[in-house]
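First comes the structure, then the notes that go with it.
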């Protein structure tokens with residue numbers, strides 16, 4: 001049996017921030033009763049694009065994109081970790097309501113013009129180069145807070161043949177440690193035999209508690225010099241081969 005290589009999607013395989021920004025704005029407005037919508041970055045304030053990218057590392061489950069959109073509409077500028085946590089606690093009920101709306105709005109945008117939606121995603125060469133070779137040595141899974149349908153569309157576009165059963169997603173609130181647990185149960189294996197790659201350090205700390213071997217995708221969204229040393233740093237996905245047992 002092959003070993004398992006479990007990959008995050010957003011921030012590891014693709015830069016999806018432009019799509020997440022547009023979806024967040026539209027979902028926030030839909031939930032707020034605001035009929036205005038955007039369909040491209042040309043309709044978004046340049047400062048919003050800048051601050052969304054800077055603040056994005058705070059987001060874990062998709063419902064927390066509400067905080068990002070709220071901050072852009074009501075405040076603007078750099079968001080501190082303390083302020084993010086304060087807003088998360090204060091607006092917990094709204095964030096939970098926002099989560100399904102976020103995925104509904106994403107599906108609407110994707111179904112309306114799939115090619116334009118795909119164009120909002122930029123594959124990372126650090127991940128794509130060598131991925132075919134890795135698939136010969138590992139059973140590759142996606143463990144992501146993105147929704148299954150979107151990952152499926154993007155995989156087909158990128159020419160990746162990943163069975164639906166190996167796409168584990170969090171649109172219904174499932175956490176990444178829970179997804180790792182599903183792999184362990186399904187395959188009758190130990191978590192220690194799973195290699196997990198993510199760009200967000202909070203996710204890596206969470207998954208590390210399962211016993212999975214965790215790697216930080218340094219090409220992704222997050223930079224945190226105080227915590228980066230906690231996990232093995234990958235400059236390219238193919239480097240994970242160096243850390244497998246012979």
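Numbering (the numbering used here), first residue to last: 1 to 246. Note that the Cβ used here is the ideal one computed from N, Cα and C, for glycine as well. Keep in mind it's a predicted model, so treat the numbers as computed, not measured.
Pairing residue 65 with residue 102 gives a Cβ-Cβ distance under 8 Å.
In the DSSP assignment, residue 218 falls outside any beta strand (DSSP E), carrying neither H nor E. Every beta strand (DSSP E) of 3 residues or more that sits fully in the segment 89-145 is shown, in chain order, as 138-144. Annotation for residue 196: the continuous beta strand (DSSP E) segment containing it runs 194-198. Among the bridge pairs identified by DSSP, residue 30 is matched with none. Three or more beta-carbon pairs drawn from the segment 173-188 and the segment 206-214 are found closer than 8 Å, and the two stretches are therefore classed as touching. If you look at residue 151, you'll find it isn't in any beta strand (DSSP E); it sits in the alpha helix (DSSP H) that goes 148-158.
Burial is judged here by how many other beta carbons sit within 10 angstroms of a residue's own beta carbon; residue 1 has fewer than 16 and is exposed. In this structure residue 24 is buried. Its beta-carbon is surrounded by 16 or more other beta-carbon atoms within 10 angstroms. When secondary structure is reduced to three states using DSSP, residue 6 falls in the strand class. In this structure residue 142 is in contact with residue 167, their Cβ atoms being roughly 5 Å apart against a cut-off of 8 Å.
Taking the CA atoms as reference points, residue 155 sits about 19 Å from residue 199. For residue 213, the number of other beta carbons within 10 angstroms of its own is at least 16, and it is reported as buried. DSSP places residue 13 in the coil class of the three-state scheme, outside both helix and strand. Taking each of 240, 93, 9 and 57 in turn and checking the Cα distance to residue 130, the smallest one comes out for 240. Non-local beta-carbon contacts of residue 218 in its own chain, meaning distances under 7 Å to residues more than five positions away in sequence, involve 233, 234 and 235 in chain order.
Pairing residue 46 with residue 36, the inter-Cα distance amounts to about 18 Å. For the segment 34-61, the continuous alpha helix (DSSP H) assignments of 4+ residues that do not extend past its boundaries occur at 46-55, in sequence order. Inclusion of residue 194 and residue 4 in the CB contact set at 8 Å is warranted, their separation being smaller than that value.
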